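Just so it is clear: in the sequence shown, position 3 is 3 by the UniProt record's numbering, and no numbers are missing.
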Amino acid sequence: MEIVRNVQNRSATRNTFETENQKQTGAQNRGRRRFMRITLCLLLICVFLLVTFILLYNQLKSERDQMKKKVEEKSKDLNSLNIKCNRLIEELLKNLTSLSLKQLELEKNYTHLTDDRDQLQTNLTFMSRMKLEFENAKKRKSCQNDWKESDRYFISNEEKSWSDSRRFCKNCGGDLVIINTEEEQRYISSMVKEKVWIGLSDIENEGNMTWVDNTPLTEGYWHQGEPNNVRDEDCVEFMSSSEPVLDNWNDLQCSVERKWICEN
Numbered sequence: 001m002e003i004v005r006n007v008q009n010r011s012a013t014r015n016t017f018e019t020e021n022q023k024q025t026g027a028q029n030r031g032r033r034r035f036m037r038i039t040l041c042l043l044l045i046c047v048f049l050l051v052t053f054i055l056l057y058n059q060l061k062s063e064r065d066q067m068k069k070k071v072e073e074k075s076k077d078l079n080s081l082n083i084k085c086n087r088l089i090e091e092l093l094k095n096l097t098s099l100s101l102k103q104l105e106l107e108k109n110y111t112h113l114t115d116d117r118d119q120l121q122t123n124l125t126f127m128s129r130m131k132l133e134f135e136n137a138k139k140r141k142s143c144q145n146d147w148k149e150s151d152r153y154f155i156s157n158e159e160k161s162w163s164d165s166r167r168f169c170k171n172c173g174g175d176l177v178i179i180n181t182e183e184e185q186r187y188i189s190s191m192v193k194e195k196v197w198i199g200l201s202d203i204e205n206e207g208n209m210t211w212v213d214n215t216p217l218t219e220g221y222w223h224q225g226e227p228n229n230v231r232d233e234d235c236v237e238f239m240s241s242s243e244p245v246l247d248n249w250n251d252l253q254c255s256v257e258r259k260w261i262c263e264n
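Structural data, given as structure tokens:
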């Protein structure tokens with residue numbers, strides 16, 4: 001019995017030991033499997049990170065290369081623009097210099113033209129004055145042969161209006177005659193054979209007879225009923241010597257053509 005009990009005890013002890021060994025072996029196997037799974041996960045994570053890094057690196061490198069290429073292109077464009085700008089600046093400076101020279105030349109030419117214009121104006125003024133003097137001298141010379149009483153009076157051979165007659169007298173250096181005294185009235189009556197204009201009118205102030213030197217009439221030698229101002233008769237004619245000496249003036253329309261008498 002004792003032997004059987006010992007055998008049973010040993011058998012139980014062996015079973016217990018084996019059971020313990022089996023438990024330890026199962027625990028070790030489970031630990032190994034867990035470690036392997038963790039290692040595998042870590043390895044997969046590392047592979048994923050590596051692939052991700054490689055992809056990101058390649059993408060960044062591609063973007064960097066593209067940016068570098070764009071920068072180089074922009075740099076080339078900038079250099080090209082800079083060259084063009086420099087050329088334009090040089091051309092503008094040349095044009096500015098050329099324009100400045102042309103401006104100076106134009107100013108010089110303008111000064112010369114201004115001087116020439118002033119000289120021509122001076123010459124024109126001188127020639128105009130000489131022409132006027134020549135014409136006046138010619139007119140005076142043409143009148144000299146017909147002056148009477150030591151060149152004091154001139155009686156025309158043609159007929160003109162009162163205004164044209166006065167203009168002729170002034171061109172000859174005189175004016176239409178002014179009669180201030182009875183003696184002059186008698187003398188002119190002895191000279192005149194036809195109706196002539198004298199230097200008396202009321203053109204400036206209707207009803208107020210005035211001589212061509214702007215002095216008012218103080219004593220007149222009017223024909224009977226004159227002046228009557230019929231049909232705007234504003235100018236005075238000296239009637240022929242057949243009329244009475246002291247009443248031979250008549251007012252007449254200034255546009256009527258008559259001979260005239262000038263006084264120097």
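Even for Gly, the Cβ is constructed at its ideal location relative to N, Cα and C.
Quantities reported herein were computed from a predicted structural model and do not represent experimental measurements.
Look up ILE83 in the DSSP assignment and say whether it is helix, strand or coil. Residue state, collapsed to three classes: helix.
Considering only DSSP beta bridges, list what ASN95 is partnered with. Beta-bridge partners of ASN95 (DSSP): none assigned.
Does DSSP put ASP115 in a helix, a strand or coil? Helix.
May I ask you to verify whether the region 244-251 touches the region 211-219, counting CB pairs closer than 8 Å and requiring at least 3? Result no; under three Cβ-Cβ pairs closer than 8 Å.
What three-state label does DSSP hand ASP77 in the structure shown? In this structure, DSSP gives ASP77 a helical state, which the three-state scheme calls helix.
Between GLY199 and TRP211, is the Cβ-Cβ spacing less than 7 Å? Judged by their CB atoms, GLY199 and TRP211 are nearer to each other than the 7 Å cut-off.
Let me confirm a value: GLY174 is counted as buried when at least 16 other C-beta atoms fall within 10 Å, else exposed. Which label applies? Per the 10 Å Cβ criterion, buried.
If you run the structure through DSSP and keep just helix, strand and coil, what is LYS148? Unreliable positioning characterises LYS148 in this predicted model, as indicated by a pLDDT of 49, which lies under 50. A coordinate reading is not provided.
Using a Cβ-Cβ cutoff of less than 8 Å, which residues in the same chain neighbour TYR153 once the five nearest sequence positions on both sides are dropped? Answer for TYR153: TRP147, VAL177, ILE188, MET191, ILE261, CYS262, GLU263, ASN264, listed in chain order.
Across which residues does DSSP place GLU237 in a beta bridge pair? The partner list for GLU237 (beta bridge, DSSP) reads TRP197, ASN250.
According to DSSP, is ILE38 helix, strand or coil? Helix, per DSSP.
Please look up how many angstroms separate the CB atoms of SER161 and SER255, rounded, as I've assumed it's under 8 Å. Confirmed, Cβ separation roughly 5 Å.
Please report how far the alpha carbon of LYS68 lies from the alpha carbon of ILE54, in whole angstroms. Their backbone Cα atoms lie some 20 Å apart in a straight line.
Do you know offhand how far ASN229's Cα is from ASP251's? Looking at the two C-alpha atoms, the distance is approximately 7 Å.
Relative to the C-alpha of GLU133, which candidate in VAL236, LYS259, CYS172 has its C-alpha closest? Minimum Cα distance to GLU133 is reached at CYS172.
Own chain, CB closer than 7 Å to ASP213, minus 5 neighbours either side, in chain order: Counting only Cβ-Cβ distances below 7 Å, and skipping sequence neighbours, we find ILE178.
Is it true that the CB of ARG258 sits closer than 7 Å to the CB of LYS195? Yes, the Cβ-Cβ distance between LYS195 and ARG258 is below 7 Å.
With 16 other CB atoms within 10 Å as the buried threshold, where does GLU149 fall? Caution applies to GLU149, whose pLDDT of 45 falls short of 50 and renders its modelled position unreliable; the model cannot decide the point.
Where does the unbroken beta strand (DSSP E) through CYS172 begin, and where does it stop? CYS172: not part of any beta strand (DSSP E); DSSP gives it neither H nor E.
Could you compute how far the alpha carbon of ILE45 sits from the alpha carbon of ASN82? Roughly 53 Å separates the two Cα atoms.
Hey, how far is the Cα of LYS76 from the Cα of LYS84? Rounded to whole angstroms, LYS76 to LYS84 spans 12 Å at the Cα level.
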